[in-house]
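Heads up, the thing below is written out as structure tokens.
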Amino acid sequence: MILFRTILLFFIVITPLKADTIYNLIKIPNLEIYNINTKNELRYLYATKPFRLGFNVKKNINCYNSDKKILDEKYKIIKKNLDRYSLNFLKIIGLKYVVLCENLSITGINTAGIPNNKTRTLILDIKFNENHFERAIHHELFHIINDNYKELFDKNIWKNFNKKNFKYSKCSTCNNNWNLDLLDEGGFFTEYAKSTASEDMAEVFSHLIFYKNKVYSNDPIIEKKILFIKKNVLKIDNTFKF
Amino acid sequence: MIAKIKISKSEKIILIFLIILGVFTFTSLIILKNKCLFVKNYNPNDIKFDNPENVVILNAECGNVIIELYPNISPNAVKRFKKLIKLGAYNDAAFHRVIENKLIQAGDLEFGKRENLNYGKVGTGKSGLGTIKSELDGKFKYYKGSVGLARTFELNTEDSQFFIILQNEPLFEGEYTPVGKILYGFEVLKTIKFIPKFPIVPRPDFINSFKMLN
């Protein structure tokens with residue numbers, strides 16, 4: 001019995017020590033600080049080695065460290081885009097950490113970013129589709145907003161904006177609606193927007209933010225969606241400027 | 243007449259060896275074993291403080307750690323901290339989590355007290371007073387010697403556990419509720435027992451007493 005207790009104690013006590021401050025904060029290994037002295041207090045971290053993790057399912061997220069030159073180049077673009085959000089807005093929506101890595105994938109499917117509202121973290125693939133890279137940053141940021149304010153961004157209200165016979169896919173990757181090029185017809189900005197209500201909202205938000213006044217559509221469905229996004233984002237922060 | 247016997251070379255070597263052995267034994271037993279030998283113990287009565295009502299004294303094996311609390315930065319956290327100190331709740335609490343040159347954590351009042359230390363649960367215990375909200379808006383730089391309240395992975399779960407950092411931690415700013423900073427006795431903390439690569443210290447050091455200055 002004493003031997004059993006001793007062995008049990010040995011296994012309880014001997015667990016690997018994670019002295020890594022970043023790991024303790026956001027539970028992502030192999031990261032280092034890129035820049036934490038930013039005006040809106042976003043903390044940019046980068047992968048020094050590949051990492052695997054799982055937010056909800058077991059270890060299904062992979063990302064890799066990047067070349068310093070690419071990292072420096074993409075950091076500037078990402079920062080320029082995220083600087084549009086004030087410290088106050090980021091506090092309200094709950095975003096604090098931005099992780100920069102490349103070839104980000106979830107269950108083997110490449111993705112531009114993975115938000116985690118619990119850890120206030122947004123992982124961004126710095127090598128994501130060059131044509132849509134900047135807009136995708138805002139798209140992913142919207143998922144943080146959406147996750148924290150689900151009651152405002154009601155999917156059922158949103159679905160009613162679409163034509164009656166339209167149905168979203170069961171998930172964002174179910175129907176291979178990958179195309180992010182401007183579609184601007186039938187109530188959707190892109191083909192990808194047809195995948196799920198939350199992806200559709202994120203597409204509207206990202207077009208609004210990235211293209212500002214240049215992308216407004218004559219499509220009445222898109223007009224309604226734009227109004228909905230604007231109205232609810234302003235409910236979160238009435239000082240927010242589109 | 244007794245003839246003077248000259249000491250041989252081998253005897254000289256043995257004598258030198260014995261002297262070295264004696265010195266080594268003395269050093270090992272007295273100097274090296276006494277981790278407090280070169281640690282200065284500050285007497286708070288000899289020091290004049292600007293805000294004595296916010297000064298608390300943590301007494302550990304090697305002496306006093308004098309901490310100034312910052313109620314202007316974290317009013318609720320400092321109120322909770324002072325309450326527990328005044329109740330004597332931290333006396334005999336273990337320094338249960340010690341990471342070399344990085345951090346010292348103590349204050350588990352449920353599973354981390356000397357009389358009922360529970361290695362399986364230490365670090366998860368509560369004070370019985372409930373949790374308090376995180377106070378993260380005040381500008382506070384987590385420099386070496388800063389004291390903050392520990393929490394779980396979630397915000398607003400601060401209770402009685404606190405930590406003292408042994409190096410600057412810029413990432414702690416805005417993450418952990420600060421309560422104060424060490425004024426004197428940082429060296430005492432460097433003597434707190436730790437085991438490399440172990441998150442929880444087996445047979446840890448304890449807080450002897452934790453009191454308000456006044």
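Going down the list, the protein sequences come from chains B and H.
Position 236, counted from 1, in the first sequence is what our numbering calls 236; the numbers after and before it change by one each time, with no gaps.
Heads up, our numbering is the position in the second sequence plus 242, with the first residue counted as 1.
Yeah, the Cβ is synthetic: ideal placement off N, Cα and C, and Gly gets one too.
Span separating the alpha-carbon of residue i from that of residue j
| i | j | result |
| --- | --- | --- |
| B/Arg120 | H/Glu396 | 11 Å |
| B/Lys159 | B/Asn35 | 40 Å |
| B/Ile123 | B/Lys58 | 17 Å |
| B/Pro220 | H/Gly390 | 54 Å |
| B/Leu208 | B/Asn148 | 20 Å |
| B/Asp20 | B/Pro115 | 21 Å |
| H/Tyr284 | H/Phe405 | 21 Å |
| B/Phe210 | B/Arg84 | 10 Å |
| B/Ser198 | B/Lys118 | 18 Å |
| B/Tyr44 | B/Cys101 | 11 Å |
| H/Pro446 | H/Pro313 | 30 Å |
| B/Thr15 | H/Glu400 | At B/Thr15, the pLDDT of 41 sits below 50, so the modelled position is not reliable; the number obtained from the coordinates is stated separately. Straight-line Cα distance between these residues: approximately 24 Å. |
| H/Ile247 | H/Ile262 | 24 Å |
| B/Leu104 | B/Ile61 | 7 Å |
| H/Leu311 | B/Ile93 | 31 Å |
| B/Glu134 | B/Ser206 | 9 Å |
| B/Tyr192 | B/Thr38 | 32 Å |
| H/Pro420 | B/Asp237 | 28 Å |
| B/Ser195 | B/Ser86 | 30 Å |
| H/Glu295 | B/Asp125 | 51 Å |
| B/Gly54 | B/Gly108 | 13 Å |
| B/Ile157 | B/Ile229 | 12 Å |
| B/Asp154 | H/Asn301 | 55 Å |
| B/Asn232 | B/Asp72 | 35 Å |
Interface partners of residue i on chain H, CB under 9 Å
| i | result |
| --- | --- |
| B/Ile106 | Correct list: empty, because the minimum Cβ distance to chain H is about 21 Å. |
| B/Ile36 | Pro412, Leu413, Glu415 |
Under 7 Å from the C-beta of residue i: neighbouring residues of chain H
| i | result |
| --- | --- |
| B/Thr21 | Glu411, Leu413 |
| B/Leu87 | Ordered by position in chain H, no residue passes the 7 Å Cβ test against B/Leu87, which lies about 10 Å from the chain. |
Chain-ordered chain H contacts of residue i [CB-CB under 8 Å]
| i | result |
| --- | --- |
| B/Leu42 | Within 8 Å Cβ-Cβ: nothing; B/Leu42 doesn't reach chain H, min ~11 Å. |
| B/Leu227 | Simply none; closest approach about 33 Å. |
| B/Leu25 | Leu413, Glu417 |
Residue i: first and last residue of the uninterrupted alpha helix (DSSP H) it sits in
| i | result |
| --- | --- |
| B/Asn232 | 220-236 |
| H/Ile327 | 317-328 |
| H/Ser252 | 251-268 |
| B/Phe210 | 197-211 |
| B/Leu25 | 21-26 |
Range of the contiguous beta strand (DSSP E) that encloses residue i
| i | result |
| --- | --- |
| H/Leu423 | Correcting the residue type first, residue 423 of chain H is Lys in the shown sequence and not Leu. First-last of the beta strand (DSSP E) with H/Lys423: 420-426. |
| H/Glu310 | 305-311 |
| H/Leu300 | 297-302 |
| H/Ser451 | 451-454 |
Any non-hydrogen atom of the ligand SAH within 6 Å of residue i CB
| i | result |
| --- | --- |
| B/His132 | In the structure shown, the ligand SAH is absent, as is every other ligand, since no ligand is present at all. |
Minimum Cβ-Cβ distance from residue i to chain D less than 7 Å
| i | result |
| --- | --- |
| H/Asn285 | Among the chains of the structure shown, chain D does not appear; the protein chains present are B and H. |
Give, in chain order, every unbroken run of the alpha helix (DSSP H) that is at least 4 residues long and sits entirely within the region 29-110 of chain B. Taken in chain order, the complete alpha helix (DSSP H) segments of 4 or more residues contained in the region 29-110 of chain B are 68-82, 87-93.
Proximal residues, the region 401-434 of chain H versus chain B, C-beta separation under 8 Å: Contact annotation: in the region 401-434 of chain H, residues whose CB is within less than 8 Å of a CB in chain B are Glu411, Pro412, Leu413, Phe414, Gly416, Glu417.
Ignoring anything shorter than 3 residues or poking outside the region 112-155 of chain B, list the beta strand (DSSP E) runs there in chain order. The qualifying runs are 113-116, 121-125.
Ignoring anything shorter than 3 residues or poking outside the region 383-422 of chain H, list the beta strand (DSSP E) runs there in chain order. Listed in chain order, they are 388-391, 404-407.
Output the residue ranges of the beta strand (DSSP E) runs that lie fully inside the region 335-387 of chain H and measure 3 residues or longer, sorted by chain position. Taking only runs of at least 3 residues, the beta strand (DSSP E) segments lying wholly in the region 335-387 of chain H are 339-341, 345-348.
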